[in-house]
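*Asks:*
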């Protein structure tokens, strides 16, 4: 750019090109700060002056936050990249083609996908650190790391919220979904790249908001924000609502973008019968997101108004159960928002690694769709302790029913592996581990769906173990499977098979030793949500904590391995696994254009009976409609 | 209609004439979003029965906070779609007039719907009325959003990026407006008549 | 933020922004975030201890938050006439201010918990109480109180403690008694949890000149 300028304008531009632009992230932070200060001051000093005029009030911090997020989004590049072009000004946002592109607003789905992956990775590490603090505290039966129970509970809340809304909901959808869905359906971009660029930058904002929430005051409700407990908490709970609002908005926009992409951007010949499994998973998840994220946003808006105005919900009018119904209506589908892409991933990886056709593909899709439908009918099993016996039956029934479509996902995977010559490398290993872990999570889920068991182990570590087996066990292990499976695609390099397997086994053993023992801790009487517990549980908790630290180190080891090999690994072939899905039919890593020209799909992607490619590269560019 | 043509090849394609498929895609995305925003309304209307049964606060004015904005918003639907028709015929000025009319109706609606909320005292005396105010507030928020969309489209119209080949933003504002008007109508019926 | 012009006469930013600025600011922001998250009371305490050695005269505003005081350190000199203007800034919580030293404790699963101070600073101190608004109750114990304006609801039991409702206020005017040394103040409401959660501060009383 600058060379062009000096050619054109000679001496005059010598003066013009001395200053460089501020890094967009820095500018975003600056604009956020300005936005917050201006709005906060306006509200707390002018419009809504409180007695003794404190500078930060609940109303001012809420509106100030809105202004800050607006400033942040515009500052990282949405101002030049989205707002001004929309209003008819020429586009003047140029993304340099080096590492800088990952730290500014971009409309390239591959950049956005990696930004999402980095963001959720950051959230994973922060929330994981919070988990380490929790385990450190629980090594002793008394308070010793935190000096009060509220600080411990705030840490639990930050851990749960960040893990759920910025890792579980985002990593496989916003992250790998944004990167791979266009590649897998033969498109060069997503449907709404500008919106996608904006939605990614809500994630760091949301994570930061939740993480610094204790600055406004402790909040003791955990990621569920139970009312009326939340209404009694100090103002920290506000940043929980607001942070979750940013994160859920981001996921909502991703859902719209990816759904439209799958429906409208498919390559010619990619009929409904040939849509890849992962795209089916993303479609199912997007539908869940589109229904349930607005629901939880409205719930949190009501709770926010409760805290800011204040309004009398769930205490004077309504009941604590009202809030729980509203929360778990979203809360249980959330589990499937997290797990459905993981199921789809198994069905992507196993046929490739076994070089064997996907078994009963349509049943796999039916499984994904029915899991999605049933997930809306099971919410009340989270509150069996508050219900009449007669009300439990339908929810118990539907919860146990959900294991049937889940079983389809297993049978499809098992059928694919049956007599396959399975290449037992790192992605396969992670997939198998994920299947094993989710089996435990699922079977204990069936137990918990049974009111007799549920009422006994309610609110104990048994439940904590169960949902960590489903979320870490299925989703995080599949996330690692995806990292290694698509590693050559993302980086153009190959990871180290030996260290990859060491990392997998390390994490697997540490995970099972930690959370497997949680089941027994729960059965022995260890409660959730308490930093102190009877002394007879101390030896077991102490030893569980050691395994938890081992697990934390295992995750860090894997990320270090990935980061190292990303830069130093041996160069990989374009399609090292001989996969037939579309994302492997182009260069690794893909160029600025994924496909040039857009290929024509001539058969399904999961048929490994012969070596024929599923695409024909058409000689000239075909019309996409 | 002068289309801006000096776009870089890598820039998103929206300044070129939209193909029929792109138009369908944009319409689909918008309707998906609008549909997902029905969920909060469903929820609030249901919550109302849980939280306040069928009680309606005496302070909620059925004329100001109810009938008048309903009428004004529904009236606004017509010019918003006439604007789409107009721009499809390349009548830019007519489109602007219609949108301005819609906007005027919207501002009036916003004023009459916010008025009862503005004059309401938030204290513990009338807790049962609050759920209605939050419902109406949601409607007010979406009216504001619809006006915002409308304003941005009017701003775009002055920059010469809207024409018979590229008028999805006008259609989008009509969709958003229609959604808001219908949602408010449903809310009005739910709050005052059921 | 400079703009440059390309061959077609359109504006472009020079996009090669400096990595140094980026990483520097990012590190700074992260550092501030961590400091604020984990050490804000600690840092505030160090600052106040370091810079607050000059005895305060006249009115000192003490603000009560969930769950902290601002300021967390006060210095007085024996014989000065001072006023504590106590303000409860919380929207939701009742807060008190007890001044004393030593602790009465109760054993619990959390370890021993301080329930109140052993010695009450206000024993025998003449204090003028004014500007009492939204005071939930006032325990006088052995303080010798006079009242200006509306008299708050008096209660008995425990040390001298004004308990303020959300948004409440009270002014305590007195001559600093001859009790030099380190004193603590704290809020023990809600089963002493406010104190445990860090709602406390220290007062240094310097001997008379």
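Chains as they are written, first to last, in this note's numbering: chain B, 1419 to 2043; chain W, -4 to 189; chain X, 32 to 240. Just so you know, even glycine gets a beta-carbon here, dropped at the ideal spot from N, CA and C. Quick caveat, the model's predicted, so the values are computed rather than measured.
Establish whether the CB of residue 198 of chain X and some CB of chain B are separated by less than 7 Å.
*Replies:* yes
*Asks:* Taking 6 Å as the limit between beta carbons, can you name the residues of its chain near residue 185 of chain W, skipping five residues before and five after?
*Replies:* 40
*Asks:* Got a sec: is the Cβ-Cβ distance from residue 1647 of chain B to anything in chain W below 7 Å?
*Replies:* It does not: the Cβ of residue 1647 of chain B has no partner Cβ on chain W nearer than 7 Å.
*Asks:* Hey, would you say residue 38 of chain W sits closer than 7 Å to residue 1713 of chain B, going by beta carbons?
*Replies:* yes
*Asks:* Mind checking residue 62 of chain X: buried by the 16 CB within 10 Å criterion, or exposed?
*Replies:* exposed
*Asks:* Could you check whether the Cβ of residue 58 of chain X sits closer than 7 Å to any Cβ belonging to chain B?
*Replies:* no
*Asks:* For residue 240 of chain X, is the classification buried or exposed, using 16 other Cβ atoms within 10 angstroms of its Cβ as the cut-off for buried?
*Replies:* Result: exposed.
*Asks:* Which runs of the alpha helix (DSSP H) spanning at least 4 residues fall entirely within the segment 1889 to 1974 of chain B, listed in chain order?
*Replies:* 1895 to 1903, 1905 to 1909 and 1915 to 1941
*Asks:* Could you check where the alpha helix (DSSP H) with residue 1797 of chain B kicks off and where it finishes?
*Replies:* Careful: residue 1797 of chain B lies outside any alpha helix (DSSP H) and carries neither H nor E.
*Asks:* By the three-class DSSP mapping on this structure, what secondary structure does residue 1750 of chain B have?
*Replies:* helix
*Asks:* Step through the CB atoms of chain W and report whether any lies within less than 7 Å of the CB of residue 1459 of chain B.
*Replies:* no
*Asks:* Can you look up residue 1510 of chain B in the DSSP assignment and give me helix, strand or coil?
*Replies:* Annotated three-state conformation of residue 1510 of chain B is coil, per DSSP.
*Asks:* Return no unless some Cβ of chain B is closer than 7 Å to the Cβ of residue 52 of chain X.
*Replies:* yes
*Asks:* Leaving aside the five residues before and after residue 186 of chain X along the sequence, list all residues of the same chain whose C-beta is less than 6 Å from its C-beta, in chain order.
*Replies:* 168 and 170
*Asks:* Flag residue 1581 of chain B as yes if its beta-carbon sits less than 7 Å from any beta-carbon of chain X, otherwise no.
*Replies:* So no, residue 1581 of chain B is outside the interface.
*Asks:* Take the Cβ of residue 75 of chain W as the centre, count every other Cβ of all protein chains shown within 10 Å, and call the residue buried at 16 or more, exposed below.
*Replies:* buried
*Asks:* Counting only Cβ pairs nearer than 8 Å, list the residues of chain X close to residue 1630 of chain B.
*Replies:* 64, 67 and 68
*Asks:* With a cut-off of 7 Å, does the C-beta of residue 167 of chain X fall near any C-beta of chain B?
*Replies:* no
*Asks:* Between the C-alpha atoms of residue 1640 of chain B and residue 1790 of chain B, what's the straight-line distance to the nearest angstrom?
*Replies:* 26 Å
*Asks:* Could you work out which residues of chain W lie near residue 1677 of chain B, taking near to mean beta carbons separated by less than 9 Å?
*Replies:* 23, 24 and 27
*Asks:* Can you say whether residue 1517 of chain B is buried or exposed, counting buried as having 16 or more other CB atoms within 10 angstroms of its CB?
*Replies:* Classification of residue 1517 of chain B: exposed, given that the 10 Å Cβ count is below 16.
*Asks:* Are the beta-carbon atoms belonging to residue 1899 of chain B and residue 1767 of chain B less than 7 Å from one another?
*Replies:* yes
*Asks:* Closer than 9 Å by beta-carbon distance: list the chain W residues that pair up with residue 1608 of chain B, in chain order.
*Replies:* The contacting residues do not exist; residue 1608 of chain B stays about 10 Å from chain W at best.
*Asks:* When you compare the segment 1852 to 1860 of chain B with the segment 1790 to 1802 of chain B, are there three or more beta-carbon pairs, one atom per stretch, that lie closer than 8 Å?
*Replies:* Result no; under three Cβ-Cβ pairs closer than 8 Å.
*Asks:* Nearest-angstrom Cα distance between residue 1573 of chain B and residue 1552 of chain B?
*Replies:* 7 Å
*Asks:* Relative to the alpha-carbon of residue 1607 of chain B, which residue among B/1685, B/1982 and B/1652 has its alpha-carbon at the smallest distance?
*Replies:* B/1685
*Asks:* With 7 Å set as the bound, which would you pick, yes or no: does the beta-carbon of residue 184 of chain W sit closer than that to a beta-carbon of chain B?
*Replies:* no
*Asks:* Among residues of its own chain, excluding the 5 on either side of residue 72 of chain X, which ones have a beta-carbon nearer than 8 Å to its beta-carbon?
*Replies:* 99, 103 and 229
*Asks:* Going along chain B in order, which residues have a C-beta closer than 8 Å to the C-beta of residue 47 of chain W?
*Replies:* Scanning chain B for C-beta atoms nearer than 8 Å to the C-beta of residue 47 of chain W yields 1735, reported in chain order.
*Asks:* When the Cα of residue 159 of chain W is compared with those of W/44, W/63 and W/84, which residue comes out closest?
*Replies:* W/84
*Asks:* With 9 Å as the C-beta to C-beta threshold (strictly closer), list the residues of the segment 1609 to 1628 of chain B near chain X in chain order.
*Replies:* 1626
*Asks:* Using the rule of at least 16 other Cβ atoms within 10 Å of the residue's Cβ for burial, across every protein chain shown, is residue 118 of chain X buried or exposed?
*Replies:* buried
*Asks:* Any chance the CB of residue 1999 of chain B is under 6 Å from a heavy atom of the ligand SAH?
*Replies:* The ligand SAH is not among the ligands present in this structure, which contains no ligands whatsoever.
*Asks:* For residue 257 of chain X, which three-state DSSP category applies?
*Replies:* What the structure shows of chain X is the stretch from 32 to 240, and residue 257 of chain X is not part of that stretch, so it cannot be assessed.
*Asks:* Three-state secondary structure (DSSP) at residue 2027 of chain B?
*Replies:* coil
*Asks:* Any beta carbon from chain B within less than 7 Å of residue 91 of chain X's own beta carbon?
*Replies:* no
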